[in-house]
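Residue numbers (this note's numbering): -8 to 293.
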């Protein structure tokens, strides 16, 4: 891991009203060194309002869900009745007529292509809702969930729909923790309120509080971060909601790996057991194959 015994200020970049968004050497270097980059006001309020309204319509059953799945926070669903107050996220959004405008936004794809390559596959897209009372998301690495490599050719985008503060659980990053690009040991015994909710085992060494950079963001601000960077978010102790759009992208260079004998194996077995419970015989890799969509350039191996 890079030496992080110094204060790092989040790099803010202003967006433009063009389908293209060329990055200068300065933000490109910041991304390479720190593992993340924040771009201000990449999405407009009208677009964000459409995502918020679609969330409400799906959760309250006013529109057909199609492929979209709804995930509840078990700790909140036992005593709250409004869907917005206990639904943690909706996912499988790549083919939704509203949410596909996020994963296929031209400016965002132009930025992503400058970071990991021209040929892009979207591999996961979600709207994450963090109602008041939601627990923390402990330090973790997104690469744990993805059975394909190379890791540095996978990144996440995360866009604030609501104002995001430390009180309502903003993201924090551990700058430089993406290097070397290794997958650390995780455990799933961190929050029984959610399935497949993993966090780092060695939090004290890998995610000390004083080295965390908290990303307070306004609606439309978007952070791009590498799949191996250590990150998380604190509980929502405010009375406000914290909604965000997020999507992961992989370069066409990525290929599936064998998960047996790796740190992916525990998660893969749990996911396959859950698929069996739901009546599916898909493998962990097969599950990811149907969660992908080519969004730019040449078709990948995913």
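Ideal placement from N, C-alpha and C gives every residue a C-beta, glycine not left out.
Inter-residue Cα distance where the pair is residue i and residue j
i: residue 95; j: residue 60; result: 20 angstroms
i: residue 19; j: residue 280; result: 30 angstroms
i: residue 67; j: residue 79; result: 9 angstroms
i: residue 28; j: residue 261; result: 33 angstroms
i: residue 341; j: residue 224; result: The first residue shown for the chain is -8 and the last is 293, placing residue 341 beyond what the model contains.
i: residue 221; j: residue 178; result: 14 angstroms
i: residue 22; j: residue 216; result: 8 angstroms
i: residue 251; j: residue 129; result: 25 angstroms
i: residue 82; j: residue 42; result: 13 angstroms
i: residue 255; j: residue 246; result: 15 angstroms
i: residue 89; j: residue 268; result: 30 angstroms
i: residue 49; j: residue 74; result: 10 angstroms
i: residue 168; j: residue 58; result: 35 angstroms
i: residue 184; j: residue 124; result: Reliability of the predicted coordinates at residue 184 is poor, the pLDDT of 48 falling under 50, and the value obtained from them is presented with this limitation in mind. One C-alpha to the other measures close to 12 angstroms.
i: residue 108; j: residue 201; result: 33 angstroms
i: residue 9; j: residue 237; result: 21 angstroms
Own chain residues within Cβ distance below 6 angstroms of residue i, not counting five before or after
i: residue 34; result: 150, 211
Spatial neighbours of residue i in its chain, beta-carbon cut-off 8 angstroms, leaving aside the 5 residues before and after
i: residue 77; result: 63, 64, 67, 68, 71, 122
i: residue 131; result: 177, 189, 190, 191, 221, 222, 223
i: residue 86; result: 57, 58, 284
Of the residues the options, the one placed nearest residue i, counting alpha carbons only
i: residue 285; options: 115, 14, 119, 75; result: 115
i: residue 266; options: 257, 152, 256, 278; result: 278
i: residue 11; options: 75, 91, 98, 48; result: 98
i: residue 218; options: 126, 91, 26, 89; result: 26
i: residue 31; options: 107, 155, 89, 259; result: 155
i: residue 207; options: 106, 160, 47, 247; result: 160
i: residue 170; options: 270, 48, 24; result: 24
i: residue 187; options: 228, 264, 36; result: 264
i: residue 157; options: 249, 109, 228, 287; result: 228
i: residue 288; options: 113, 87, 45; result: 113
i: residue 214; options: 106, 253, 36, 140; result: 106
Integer Cβ distance of residue i from residue j, believed to fall under 8 angstroms
i: residue 84; j: residue 118; result: 7 angstroms
i: residue 232; j: residue 153; result: 6 angstroms
i: residue 174; j: residue 135; result: 6 angstroms
i: residue 234; j: residue 120; result: 5 angstroms
i: residue 133; j: residue 291; result: Going by Cβ atoms, the distance from residue 133 to residue 291 rounds to 18 angstroms, so no, they are not a contact pair.
i: residue 248; j: residue 138; result: 6 angstroms
Closer than 7 angstroms to chain C by CB, residue i
i: residue 52; result: Judged by its chain identifiers, the structure shown contains no chain C, having just a single protein chain.
Sequence-distant residues of the same chain with beta carbon closer than 7 angstroms to residue i, five excluded per side
i: residue 226; result: 125, 126, 127, 160
i: residue 209; result: 151, 154
field: Validate contact between the segment 225 to 242 and the segment 128 to 145 using beta carbons, cut 8 angstroms, 3 pairs
entry: yes
Should the segment 193 to 209 be called in touch with the segment 92 to 107, which here means at least 3 C-beta pairs below 8 angstroms?
no
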